[in-house]
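Down below is the structure, laid out as structure tokens.
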Amino acid sequence: MSEIFSKVSELKEKILSEASQIKDEVSLKAFQEKHMSKKSELSQLMGEIRNLVGEEKNDARNAVTSAFQAKQKEIQEAAIARKLEREKIDITLPSYNYKMGGINPFYLIQDEMIDIFVSMGYEVKEGPDVETDYFNFERMNIPADHPAREMQDSLYINPTTLLRTHTSPEQAHAMDEKGGKPLMMICPGKTYRRDDDDATHSHQFGQVEGLVVGKGITLANLKATLELFVRKMFGEKREVRFRGSYFPFTEPSVEVDISCMNCGGKGCSMCKGTGFIEILGAGMVHPNVLKMSGYDPEVYSGFAFGIGIERVAMLRYGIDDIRKFYQGDVRFIEQFTRK
Ligand code: DAH
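Below you can see the structure in the form of structure tokens.
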């Protein structure tokens, strides 16, 4: 009896000393397989004392199990500690520099223009960039064989469809929608021309179209409106000058100049010595345009204008090349901020 217990006790000491050597998961596993399986030396020996009673019977197995568990815990904790060490955040590292970019000055100015006209009570319309020849030209009083078509080099998609060359066709859409009732609207948007790009020409540019139709609308209303716009956009001191011009959809037609913001009207290189800078085209809506849109020109009259967005932005910010609006260079764009 005591012989078998001393054998067990001896084996226990041997196993426990092996347990104390466990260093990592590999040796932990090997230990478990060698000493804790049913076929282990200890299990076999224990089999022989199965029928014995008393504490001693389980002493060796309990001791081995708790030695194993203690090592297991130690190894797991060491593994967690290693992991935590590895995952520690180094707060001394410099952070990433996230760049915010900016809003293209084209949109800064477009938004400002919209605000100015909305404050005067204008409705804001949107029209299609891909337009029919009918709306782009015919409804603007430019028939198929009219020489005025040469004023605007067009990008045709097929013989009856093109990228709109101006926002003026939105006048016709707006009047069609209103069905003969008075209206005040602006339409901001992109326009396209067949052009060789250089510092002042671009195949793509923005316009804000404006149209007012009602009873008793005169050129004086147009002048007052554009003066207000110009002073809000370029400052209270700006003078507005109307020059007679020609557009097929207006009669009379004018080109509108503002006194040079650089020299105040004295004459400098920016205004080429004239003291004035051209900023937009406008006029009284041509009777044919009113008629085609279902308005009786004997009863109704109206004025219209078309303002180049880049042109206004270039003058406001002193931008010297229209291509900069489209090149997507953040160093250019981030120089501009909302007023
Ligand atoms: N559509 C003209 C253009 O792109 C600009 C223009 C001139 C619009 C006179 C108007 C206007 O509404 O009355 O060249």
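In numbering that gives the first Met the number 0, the protein residues as written are 0 to 338. Just so you know, even glycine gets a beta-carbon here, dropped at the ideal spot from N, CA and C.
Problem - Length of the line joining the Cα atoms of tyrosine 121 and glutamate 86 - result: 60 Å
Practice task
Could you please give me the residues that DSSP links to glycine 169 through a beta bridge?
Solution key: Residue identity check: residue 169 is glutamate in the sequence provided, not glycine. Answer is none; glutamate 169 lacks a bridge partner.
Practice task
Kindly examine the ligand DAH and report whether one of its heavy atoms sits closer than 7 Å to the Cβ of glutamine 203.
Solution key: no
Problem - Beta-carbon proximity list for serine 252, same chain, < 6 Å, skipping 5 on both sides - result: Ser244, Tyr245, Phe246, Gly282
Practice task
Quick one: using the 10 Å Cβ neighbour count with 16 as the cut-off for buried, is methionine 92 buried or exposed?
Solution key: It should be noted that the sequence gives leucine, not methionine, for residue 92. Exposed, by the Cβ-count rule.
Problem - C-beta atoms of glycine 305 and glutamate 208 nearer than 8 Å - result: yes
Exercise for the section: Would you mind working out which of Asn261, Gly280, Leu279, Val284 sits nearest threonine 273, comparing C-alpha positions? Expected result: Asn261
Exercise for the section: Please report how far the alpha carbon of methionine 174 lies from the alpha carbon of lysine 180, in whole angstroms. Expected result: 8 Å
Practice task
Only counting runs of 4 or more residues, tell me where the alpha helix (DSSP H) segments fall wholly within the region 271-301, in order along the chain.
Solution key: 286-291
Practice task
Work out the CA separation of arginine 81 and glutamate 12 for me, nearest whole Å.
Solution key: 31 Å
Practice task
Could you tell me if the beta carbon of glycine 243 falls within a distance shorter than 7 Å of some heavy atom in the ligand DAH?
Solution key: no
Exercise for the section: Check whether the region 296-305 touches the region 94-108, counting contact only when three or more Cβ pairs, one atom from each stretch, lie closer than 8 Å. Expected result: no
Practice task
Report the residue from Gln151, Leu218, Arg315 whose alpha carbon sits nearest the alpha carbon of arginine 193.
Solution key: Gln151
Handout entry: N-terminal and C-terminal residue of the beta strand (DSSP E) that phenylalanine 335 is part of
Key = Phenylalanine 335 -> no beta strand (DSSP E), and no H or E assigned at all.
Handout entry: Outcome for valine 284 when other beta-carbon atoms lying within 10 angstroms are tallied against a minimum of 16
Key = buried
Practice task
Flag this pair as touching only if the region 162-173 and the region 115-130 have three or more C-beta atom pairs under 8 Å; answer yes or no.
Solution key: yes
Exercise for the section: Tell me whether the beta-carbon of valine 311 lies closer than 8 Å to the beta-carbon of isoleucine 332. Expected result: no
Practice task
Going by DSSP, name the residue or residues bridged to tyrosine 155.
Solution key: Leu161
Practice task
With DSSP as the reference, please indicate the residues paired to lysine 189 in a beta bridge.
Solution key: Gly205
Exercise for the section: Can you tell me which of Gln109, Asn287, Glu176 puts its alpha carbon nearest to the alpha carbon of glutamate 250? Expected result: Asn287
Exercise for the section: Take aspartate 196 and list the residues in its own chain whose beta-carbon comes closer than 7 Å to its own, dropping the five residues that flank it on each side. Expected result: His202, Arg322
Practice task
Whole angstroms is fine: what's the gap from alanine 66's alpha carbon to isoleucine 90's?
Solution key: 40 Å
Handout entry: Start and end residues, beta strand (DSSP E) containing aspartate 256
Key = 249-258
Practice task
Between the Cα of serine 39 and those of Ser19, Cys186, Pro146, Thr64, spot the shortest distance and give me the residue it belongs to.
Solution key: Thr64
Exercise for the section: Can you give me the start and stop residues for the alpha helix (DSSP H) that phenylalanine 324 sits inside? Expected result: From DSSP, phenylalanine 324 is part of no alpha helix (DSSP H); its letter is neither H nor E.
Exercise for the section: Using three-state DSSP, classify arginine 240 as helix, strand or coil. Expected result: strand
Problem - Coil, strand or helix - threonine 64 by DSSP - result: helix
Exercise for the section: Hey, could you find the ends of the beta strand (DSSP E) threonine 91 is sitting in? Expected result: That residue, threonine 91, is in no beta strand (DSSP E); it is neither H nor E in DSSP.
Practice task
Please say whether serine 268 and arginine 237 have beta carbons closer to each other than 8 Å?
Solution key: no
Exercise for the section: Flag this pair as yes or no: are the beta carbons of valine 7 and alanine 59 separated by less than 8 Å? Expected result: yes
Exercise for the section: Please report the residue range of the beta strand (DSSP E) in which threonine 131 lies. Expected result: 129-131
Handout entry: Environment of proline 104 [buried if 16+ CB atoms lie within 10 Å]
Key = buried
Problem - Beta-carbon contacts of isoleucine 115 that lie in its chain and below 6 Å, excluding the five residues immediately before and after - result: Phe228, Lys231
Exercise for the section: Return the chain-ordered list of same chain residues with a C-beta closer than 8 Å to the C-beta of glycine 307, the five sequence neighbours on each side being excluded. Expected result: Phe204, Gly205, Gln206, Ile278, Leu279
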